[in-house]
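A.B. asks: Numbering-wise (full-length UniProt numbering), the sequence shown opens with residue 1 and increments by one. Heads up, the beta-carbon is just placed ideally off N, CA and C, and yes, glycines get one too. Nothing here was measured: the structure is a model prediction, and the numbers come from that model.
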Amino acid sequence: MLIRNATLADGRQRDVRVRGETVAEVGRDLEPDDEDTIEATGKRLFPGMVDAHVHFRQPGYPHKETWESGSRAAAAGGVTTVVDQPNTDPPTVDGEAFDRKTEFAADSIVDWGINGGVTADWIPNVLLRRRLFALGEVFLADSTGDMGIETDLFEEALELATDEGVTVTVHAEDADYFNDDARARTDADAWSAYRTAEAEAKAVERACEAAQRMDARIHVAHTSTPEGIDVAADAGMTTEVTPHHLLLSRKDLGELGTFGRMNPPLRREKRRREVYDRVADGTVDMIATDHAPHTREEKDASIWDAPSGVPGVETVLPLLLAEARDPDTELTYERVRDLTAANPADVFDVPQKGAIEPGKDADLVLVDTTETTEIRGDDLHTDCGWTPFEGFEAVFPEWTMVRGTMVYERDIDEDVFYDQQGENVRDADGEVLE
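1) Can you name the start and end residues of the beta strand (DSSP E) that D15 belongs to?
2) Restricting to runs no shorter than 4 residues, where is the alpha helix (DSSP H) found entirely within the stretch 280-337?
3) Kindly indicate which residue of Q212, P311 and N5 has the alpha-carbon position closest to the one of R57.
4) Of all the options F389, R410, I375 and D363, which has the alpha carbon lying nearest to the alpha carbon of G422?
5) I need the straight-line Cα distance from W304 to R185, nearest angstrom please.
6) For E173, count neighbouring Cβ atoms within 10 angstroms of its own Cβ and tell me buried if that reaches 16, exposed if not.
7) Determine, using beta carbons only, whether R267 and W386 come nearer to each other than 7 Å.
8) Assign N125 to one of three DSSP states: helix, strand, or coil.
9) Between the C-alpha atoms of T167 and N115, what's the straight-line distance to the nearest angstrom?
10) Under the assumption that L8 contacts R14 (Cβ atoms under 8 Å), give the Cβ distance between them as a whole number of angstroms.
11) Would you call the stretch 99-108 and the stretch 331-348 touching, i.e. three or more CB-CB distances under 8 Å?
12) Using beta-carbon positions only, say whether I109 and S71 come within less than 7 Å of one another.
13) DSSP three-state label for F60, please.
14) Under DSSP, the alpha helix (DSSP H) around R72 begins and ends at which residues?
15) Would you kindly report the start and end of the unbroken alpha helix (DSSP H) that includes Y177?
16) Rounded to a whole number of angstroms, what is the C-alpha to C-alpha distance between G309 and D36?
17) If distances are taken between C-alpha atoms only, which option among D427, Y333 and L317 comes closest to V395?
18) Taking just the CA atoms, how far does W112 sit from C208?
19) Leaving out five residues before and five after D277 in sequence, what residues of the same chain have Cβ atoms less than 6 Å from its Cβ?
20) Let's test the definition: count the other Cβ atoms within 10 Å of the Cβ of R130 and tell me whether it reaches 16, buried, or not, exposed.
21) Verify whether the separation of the beta carbon atoms of T239 and T223 is less than 7 Å.
22) In terms of residue numbering, what span does the alpha helix (DSSP H) encompassing T5 cover?
23) Taking three-plus beta-carbon pairs below 8 Å as touching, is the stretch 275-290 in contact with the stretch 239-258?
24) Alpha carbon to alpha carbon, what distance is there between G404 and G359?
25) Within the same chain, show all residues whose beta-carbon is closer than 8 Å to that of R271, passing over the 5 residues directly before and after it, in chain order.
26) With a cut-off of 8 Å on the beta carbons, I'd call H171 and F139 a contact; round off their distance for me.
27) Alpha helix (DSSP H) containing G236: first to last residue?
28) Does A79 pass the burial test, meaning 16 or more other C-beta atoms within 10 Å, or should it be called exposed?
29) So for residue 447, helix, strand or coil by DSSP?
30) Going by DSSP, name the residue or residues bridged to V402.
31) Just to confirm, are V126 and G77 a CB contact at a threshold of 7 Å?
32) Which residue comes first and which comes last in the beta strand (DSSP E) that contains V220?
33) Per DSSP, F46 forms a beta bridge with which residues?
34) Can you name the start and end residues of the beta strand (DSSP E) that G27 belongs to?
35) D111 bridges to which residues according to DSSP?
36) Using only the alpha-carbon positions, how far apart do I229 and V275 sit?
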């Protein structure tokens, strides 16, 4: 297959030849070679996003999301690799649970990774020998799934994972710094007042100190504060920011209500802007969604009873592309490429992903950045059927390709998905084909 005259993220216009599962050539004026040709003049070609943080809810909660529905949503949003977190039922804390989850992952049409979890019941000598993407998110405070652990167990897990060459991803909140006075409130902002910004910063500091002391490396998930980002960066650790912490703040809770409850919670607008600055200037390493779907019925409860989490895997890249096309924002197309593809592939050592280069997997996304669409929850493919970004402008893919196979095409009447079985990215052993 030859993709003609596509504009890459850096602005260069190039032809891209795909053979089998990989990119074969990238250059100007490549000659057709008895192959299908896609004309891409005036459109941009991006490497597929590696979303290092999703919750696809199987096993245990298929009414919220399945691997089939979640992966379709991912493909429709230009995400070609997803990494599932361990707080399912049962939690992914031993070899048997990991193996069971891989059976569900066989329904995915995009490539995938599975993270192992840490609880008092985990079996590390078995789990760490599975083909894990990473260990974590390791919860330093309880969140969905009640998997919060104490410092001693965190340090034990960090040591064992480091010995095995497995990266540890940390959910950093310190419950000692939660504001119990907020528990008397019933408004939507009470959750943000309760799980304070200080609780995140203190937990990031503690986790980074432990990692430095043990000569280990951690990745801090869904950082929501400039203070937490700066602590991690100064310690030489990596961070991710979610689209909701990038684009939403506590001022949006009046409209979102309990549909805006997540962990960590939304922050004040000033902090949101400071987080945005760190995403744009390169301090933050990647964007990951923390895609955490719950049904409308589950979210339509009191602020203390509603589950935490919002969907995001289908809207993240379209939102970032809309930001990049706006001349008044600081994000560029190159920065979006790095945040969504190049950097996560590098941080988690998945060299076959993350770039449009010869020998890399042909995970490709074609977009027309001259056109935007308003996000509507009813139009999305996640099973939960809602979004915190209702009405936001977005640039959705025209098509998405995984390892040289078209898995999704956008159509004005009905979107088209193609049969494709995603693979565990660790099964490739990081191989880049010459």
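C.D. replies: Reading it off the structure:
1) By 1-based counting over the sequence shown, the position of residue 15 is 15. Per DSSP, the continuous beta strand (DSSP E) segment holding D15 begins and ends at Q13 to R19.
2) As far as the stretch 280-337 is concerned, its whole alpha helix (DSSP H) runs of at least 4 residues are 296-299, 316-325 and 333-337.
3) Locating residue 57 in the sequence shown gives position 57, where the first residue counts as 1. Of the candidates Q212, P311 and N5, the one whose C-alpha sits nearest the C-alpha of R57 is P311.
4) On the sequence shown, residue 422 is found 422 positions in, with the first residue counted as 1. With distances taken between Cα atoms, G422 lies closest to D363.
5) For the purposes of this step, residue 304 is taken as the residue at position 304 of the sequence shown. For the purposes of this step, residue 185 is taken as the residue at position 185 of the sequence shown. Roughly 9 Å separates the two Cα atoms.
6) Within the sequence shown, the letter at position 173 stands for residue 173. With a 10 Å radius around the Cβ and a threshold of 16 neighbouring Cβ atoms, E173 comes out buried.
7) Position 267 of the sequence shown, counted from the first residue, corresponds to residue 267. Position 386 of the sequence shown, counted from the first residue, corresponds to residue 386. Not a contact, by the Cβ cut-off of 7 Å.
8) For the purposes of this step, residue 125 is taken as the residue at position 125 of the sequence shown. Helix, per DSSP.
9) Locating residue 167 in the sequence shown gives position 167, counting from the first residue. Locating residue 115 in the sequence shown gives position 115, counting from the first residue. Going from the Cα of T167 to the Cα of N115 covers about 10 Å.
10) Working through the sequence shown from its first residue, we reach residue 8 at position 8. Working through the sequence shown from its first residue, we reach residue 14 at position 14. L8 to R14, Cβ: 6 Å. Contact.
11) no
12) The sequence position of residue 109 within the sequence shown is 109, counting from 1. The sequence position of residue 71 within the sequence shown is 71, counting from 1. Yes, Cβ-Cβ distance for I109 and S71 is below 7 Å.
13) Within the sequence shown, numbered from 1, the residue matching residue 60 stands at position 60. A small fix is needed here, since residue 60 is Gly in this sequence, not Phe. DSSP places G60 in coil when its eight states are reduced to three.
14) Numbered from its first residue, the sequence shown carries residue 72 at position 72. Counting along the chain, the alpha helix (DSSP H) containing R72 begins and ends at W67 to A76.
15) By one-based count along the sequence shown, residue 177 stands at place 177. It is not in any alpha helix (DSSP H) - Y177 carries neither H nor E in the DSSP assignment.
16) Residue numbering aside, residue 309 sits at position 309 when the sequence shown is read from its first letter. Residue numbering aside, residue 36 sits at position 36 when the sequence shown is read from its first letter. C-alpha separation (whole angstroms): 42 Å.
17) Taking the sequence shown and counting its residues from 1, one reaches residue 395 at position 395. The candidate whose alpha carbon is nearest that of V395 is L317.
18) Translated into the one-based positions of the sequence shown, residue 208 becomes position 208. Translated into the one-based positions of the sequence shown, residue 112 becomes position 112. Each residue's alpha carbon lies about 27 Å from the other.
19) Position 277 of the sequence shown, counting from 1, holds the residue named residue 277. Within the same chain, D277 has no close Cβ partners at all.
20) One-based indexing of the sequence shown puts residue 130 at position 130. So R130 ends up on the buried side.
21) On the sequence shown, residue 239 is found 239 positions in, with the first residue counted as 1. On the sequence shown, residue 223 is found 223 positions in, with the first residue counted as 1. Yes, the Cβ-Cβ distance between T239 and T223 is below 7 Å.
22) As a first step, residue 5 must be located in the sequence shown, where it is residue number 5. First, the residue type needs correcting, since residue 5 is Asn and not Thr in the sequence shown. Unbroken run through N5 is the beta strand (DSSP E), L2 to T7; no alpha helix (DSSP H).
23) Because the criterion of three Cβ pairs below 8 Å is met, the stretch 275-290 and the stretch 239-258 touch.
24) Here the question's residue 359 lines up with position 359 in the sequence shown. Here the question's residue 404 lines up with position 404 in the sequence shown. G359 and G404 have their C-alpha atoms some 12 Å from each other.
25) The sequence position of residue 271 within the sequence shown is 271, counting from 1. Within the same chain, and ignoring the five residues on either side of R271 in sequence, the residues whose Cβ sits closer than 8 Å to its Cβ are A197, S224, T225, P226 and S249.
26) Counted from its first residue, the sequence shown places residue 171 at position 171. Counted from its first residue, the sequence shown places residue 139 at position 139. The Cβ separation is near 5 Å, so the contact holds.
27) Translated into positions along the sequence shown, residue 236 becomes position 236. Premise fails: G236 is in no alpha helix (DSSP H) and is neither H nor E.
28) Along the sequence shown, one-based indexing puts residue 79 at 79. According to the sequence displayed, residue 79 carries Val and not Ala. By the neighbour-count criterion, in which a residue is buried when 16 or more other Cβ atoms sit within 10 angstroms of its Cβ, V79 is buried.
29) Absent from the model: residue 447. The displayed extent of the chain is 1 to 434, so no value can be given.
30) Counting from 1 along the sequence shown, the entry for residue 402 is found at position 402. Answer is T405.
31) Start at 1 with the first residue of the sequence shown, and residue 126 comes out as number 126. Start at 1 with the first residue of the sequence shown, and residue 77 comes out as number 77. Contact: no.
32) Numbered from its first residue, the sequence shown carries residue 220 at position 220. Element bounds for V220: I218 to V220.
33) Position 46 of the sequence shown holds residue 46. In DSSP, F46 forms a bridge with V365.
34) For this step, residue 27 is matched to residue 27 along the sequence shown. Per DSSP, G27 belongs to the beta strand (DSSP E) from T22 to G27.
35) Counted from its first residue, the sequence shown places residue 111 at position 111. Looking at the DSSP assignment, D111 forms a beta bridge with T81.
36) Walking along the sequence shown from the start, residue 229 turns up at place 229. Walking along the sequence shown from the start, residue 275 turns up at place 275. Taking the straight line joining both Cα atoms gives about 8 Å.
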